[in-house]
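Letter by letter, the sequence shown follows residues 1 to 251 of the UniProt record's numbering.
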Amino acid sequence: MRRTMVAGNWKMHGTCASVVELIDGLRTLTLPGNVDVAVFPPELFIDRVINGLQGASISVGAQNAAIESRQGALTGEISSSQLVDAGCKFVLVGHSERRLILGESDETLNRKFAAVQASGLTPVLCIGETLEQREAGQTLEVVERQLNVVIDEFGIEAFENAVIAYEPVWAIGTGLTASPQQAQDVHAAIRTQLAKKNSEVAQGVRLLYGGSVKAANAVELFSMPDIDGGLIGGASLNADEFGAIIRAAGN
Ligand code: PGA
């Protein structure tokens, strides 16, 4: 049985003071036992967050990792082995802001995905279509292609230790959420695509939905059969709102 997961992507938000406040807020939450919770702070704050959340049953992940798993001469980057050393469990790979704003290529993302897994961390692979692609009826094609980039290089087994986050680009930070049915349709297509290669992997892999998830729409989204939780941006910066989303996932 897949365990539900709720992950908070803090993106490039936070100051020393606001992060302390957020940690304090997270520590006061009563978390349901059937949901895995993780937060992804800016790398600058990872150590502080891991220390601050000791004993709180919240994992910490990184928003990015280097193309190499081991330490070395690569100015400005952080290797996945360093993230392991710091106490991280997950790394986001392929977020649309990195694909589209920073121009990360499929090749770069694959190297990051491999480096993350080689270090024993779990990649959270983000995929999703732009508004233009959705309007052109290309949603399933785009998502299938993004998954195939990984499958073609590493095989379906790559998803034995990975989480997939479907995040329609038009729904990220816009207040526009995919309807539960729109999201479910894509999630079901993803699972079918994976099942063609290996049904066990397809049944086991967690598919998170991301894109303007809030407490107010979480229950409906998470009630869909192929939605195994959420990747939450803006709403994860408020501990109470994030807590309400986590409780929605636990129901
Ligand atoms: P959002 O971001 O919840 O603010 O839309 C989601 C994400 O980008 O992971």
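Where is the CB? At the ideal position from N, CA and C, for every residue including glycine.
Just so you know, these numbers come straight off a predicted model, no measurement behind them.
Proximity of residue i and residue j at Cβ, strictly below 7 Å
| i | j | result |
| --- | --- | --- |
| V219 | A239 | no |
| V91 | A62 | yes |
| S179 | G128 | no |
| L109 | V93 | yes |
| V6 | V49 | no |
| residue 283 | V150 | Only positions 1 to 251 of the chain appear in the structure, and residue 283 is not among them; the question remains open. |
| R2 | D228 | yes |
| D226 | Q184 | yes |
| I246 | L207 | no |
| A162 | S212 | no |
| I23 | A86 | no |
Chain-order list of residues whose beta-carbon lies under 7 Å from that of residue i (same chain, five-residue window excluded)
| i | result |
| --- | --- |
| E144 | Q193 |
| S69 | S79, S80, S81, A115, A118 and S119 |
| A195 | A202 |
| W10 | V39, F40, P41, P42, S236 and L237 |
| L121 | S80, L83, V84, C88, K89, F90 and V91 |
beta-carbon residue i near ligand 1 non-hydrogen atom, thresh 6 Å
| i | result |
| --- | --- |
| I172 | yes |
| L231 | yes |
| H238 | For clarity, residue 238 is Asn in the given sequence; the question names His instead. No, ligand 1 has no heavy atom inside 6 Å of this Cβ. |
| G76 | no |
| S80 | no |
| G211 | yes |
| N217 | no |
| G234 | yes |
| N251 | no |
| N64 | no |
| N9 | yes |
Inter-residue spacing [alpha-carbon to alpha-carbon] between residue i and residue j
| i | j | result |
| --- | --- | --- |
| N64 | P123 | 10 Å |
| S59 | G173 | 23 Å |
| G210 | G52 | 26 Å |
| A215 | E241 | 6 Å |
| I232 | E167 | 10 Å |
| A244 | C16 | 24 Å |
| G234 | L44 | 19 Å |
| A189 | T139 | 10 Å |
| R99 | P32 | 34 Å |
| T30 | F113 | 33 Å |
| R111 | F154 | 11 Å |
| Q71 | E107 | 20 Å |
Residues of its chain near residue i, where Cβ-Cβ distance is below 6 Å and the 5 sequence neighbours each way are ignored
| i | result |
| --- | --- |
| Q146 | I127 |
| N217 | T177 |
Heavy atom of ligand 2 within 6 Å of residue i beta-carbon
| i | result |
| --- | --- |
| I245 | Ligands in the displayed structure: ligand 1; ligand 2 is not one of them. |
- Task: Let me know the alpha helix (DSSP H) ranges lying completely inside the stretch 118-172, each 4 residues or longer, listed in chain order.
- Result: The alpha helix (DSSP H) runs of length 4 or more contained entirely in the stretch 118-172 are, from start to end of the chain, 131-135 and 139-154.
- Completely contained alpha helix (DSSP H) runs for the stretch 186-251, where each covers 4 or more residues: Fully contained in the stretch 186-251 are the following alpha helix (DSSP H) runs of length 4 or more, in chain order: 199-204, 215-222 and 239-250.
- Query: Whole beta strand (DSSP E) runs in the stretch 65-94 with 3 or more residues, listed along the chain?
  - Reply: Correct list: 90-93.
- Message: Quick check on the DSSP output: what are the complete beta strand (DSSP E) runs of length 3 or more inside the stretch 34-59, in order along the chain?
- Response: As for any beta strand (DSSP E) of minimum length 3 sitting wholly inside the stretch 34-59, the runs are 35-40, ordered along the chain.
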